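Q: Okay, here's the structure, questions in a sec.
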Amino acid sequence: MRISEFMSEALLNPTHGYYTTRDPLGAEGDFTTAPEISQMFGEMIGLCLAQTWIDQGRPHPFTLAELGPGRGTLMADILRATRAVPGFREAANLHLVEASPTLRDAQKRRLGDATRWHDSAESLPDDAPLFLVANEFFDALPIRQFLRSGPGWAERLVGLEGDRLAFGLGEVLAQPALKHRLADTQEGDLVELSPQAAPIMAAIGARIEAHGGAAIVIDYGGWRSLGDTLQALRAHEKVAPLDAPGQADLTAHVDFEALAKATPSAHSKLISQGVFLERLGITPRARTLAQNLSGAALESHIAAHRRLTHPDEMGNLFKTLAVYPTTAPPPPGFEA
Ligand code: SAH
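Here you go:
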């Protein structure tokens, strides 16, 4: 089978899937994410979205949406941080895109019943401005991998070797979707393609261009994929991707070029998470919060700030992409 089929089954199979059967986040889980590391992450994103909403004339009503909200922590912090922005909360209708019933329950406990859930971004409302955030969502989408062979590509596949899962290669074929990669790859290079990412981004971009709003996408990855980035994490340790299907988180780096190119009608810019958060004022905010802390709590707060922003930690690996209407100013942090 294709790696994308393996990933879909391993992550979202209704009875055995990794996301469908558990809450994988936090210290006791398999991995942690920026909103779980510090409340400051959601506060910065919330104020960024609220300022963008003000800059676009405070539309009422609007859709406030998140893709893959996990435990609902990021959205809870966004809602808390924007409480002081007159009219924002009253105008917001909350919509979450979440595939896992387990995590939907966690989100409901955190965010309440006034929330609507969707299986996919394509069914988000298409009649109001859309203000959307997605943190570590696109890295969980299934990818396909291709090995360059002459003017064609051999797809990397998952099969059986005895009774163990193993990688193999399909036959060499032309891949129209990879035509633009013939110029910048060499024999034996590996490239990745996420079949669902571009259609999701296109649906979001079309709503934003038609009705206003903005999307902020944060994830690890870069501009244009090159090399094998498929990875599995279990209990915060890397494991072999095929070893424990349904028991480990499977992700791949996000190809932001593919996301940006899916929204031709919207402006897009890519900056690192560290620069983005610094521009939004995370350091003054961290100092304010630090005034009420001491001892171990202060140390862990300082470590969290470093982890989110420092180039050796998440600051550089994670990138931020904004999508906003061609007629609107960029969201704060994305100015040239
Ligand atoms: N954004 C959260 C969680 C990231 S984990 C945070 O930063 O903490 C990935 C999230 O995306 C989980 O909520 C998972 O259930 C969801 N998800 C993964 N694949 C999905 C898909 N194809 N459709 C909808 N949600 C998906």
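Note that the numbering used here has the sequence shown beginning at 2, numbered continuously upward.
Note that beta-carbon positions come from the ideal geometry of N, C-alpha and C, so glycine has one too.
Quick caveat: nothing in here was measured; it's all calculated off a predicted structure.
1) Taking just the CA atoms, how far does E314 sit from R307?
2) From L131 to S226, what does the alpha carbon distance come to, in whole angstroms?
3) Can you check which of these residues, E10, L251, A92, is closest to D31 by C-alpha distance?
4) Can you list the beta strand (DSSP E) stretches of 3 or more residues lying completely in the region 2-82, in chain order?
5) Closest to G189 by C-alpha separation, out of F147, G169, V86, G206, would be which residue?
6) Should the region 85-103 be called in touch with the region 174-188, which here means at least 3 C-beta pairs below 8 angstroms?
7) For T289, which option in G296, H302, L12, R149 has the closest C-alpha, if you only look at C-alpha atoms?
8) To which residues of the same chain is R111 closer than 8 angstroms at the C-beta, ignoring the five residues directly before and after it?
9) Starting from P312, follow the beta strand (DSSP E) in both directions and report where the run begins and ends.
10) Quick one: which unbroken beta strand (DSSP E) runs of 3-plus residues sit fully inside the region 215-251? Chain order, please.
11) Enumerate in chain order the residues of its own chain whose CB-to-CB distance from L271 is below 8 angstroms, with the five nearest sequence positions on each side excluded.
12) Any contact of the region 128-145 with the region 166-175, i.e. 3+ C-beta pairs under 8 angstroms?
13) Just the Cα atoms here: how many angstroms apart are M202 and P143?
14) Output the residue ranges of the beta strand (DSSP E) runs that lie fully inside the region 95-169 and measure 3 residues or longer, sorted by chain position.
15) Please classify N136 as buried or exposed, where buried requires at least 16 other C-beta atoms within 10 Å of its C-beta.
16) Give the single residue among L174, T34, F139, L158 whose Cα lies nearest to the Cα of S150.
17) Excluding the five sequence neighbours on either side, which residues of its own chain have a C-beta within less than 8 angstroms of the C-beta of P25, listed in chain order?
18) Tell me which residue opens and which closes the beta strand (DSSP E) that E188 is part of.
19) Return the Cβ separation of Q52 and P333 in integer angstroms, given the expectation that the two are a contact with Cβ distance under 8 angstroms.
20) What does a CB cutoff of less than 6 angstroms around S195 pick up in its chain, not counting 5 residues either side in sequence?
21) Would you list the one or two residues that DSSP bridges to I272?
22) Assuming E193 and A253 make a contact with CB atoms under 8 angstroms, what is their CB distance in whole Å?
A: According to the structure shown:
1) When rounded, the distance between both Cα atoms is 7 angstroms.
2) 28 angstroms
3) By alpha-carbon distance to D31, the top candidate from E10, L251, A92 is L251.
4) Taking only runs of at least 3 residues, the beta strand (DSSP E) segments lying wholly in the region 2-82 are 63-68.
5) F147
6) no
7) H302
8) R72, G73, T74, M76, A77
9) No beta strand (DSSP E) contains P312, which DSSP labels as neither H nor E.
10) Runs found: 232-235, 238-240.
11) W224, F257, A261, K320, T321, L322
12) no
13) Each residue's alpha carbon lies about 15 angstroms from the other.
14) Within the region 95-169, the complete beta strand (DSSP E) runs of at least 3 residues are 117-119, 131-136, 145-150, 153-162.
15) The residue is buried, with at least 16 neighbouring Cβ atoms inside 10 Å.
16) L174
17) Y19, D31, F32, D250
18) That residue, E188, is in no beta strand (DSSP E); it is neither H nor E in DSSP.
19) 5 angstroms
20) Non-local beta-carbon contacts of S195 in its own chain, meaning distances under 6 angstroms to residues more than five positions away in sequence, involve L142, I144 in chain order.
21) T321
22) Going by Cβ atoms, the distance from E193 to A253 rounds to 6 angstroms, so yes, they are a contact pair.
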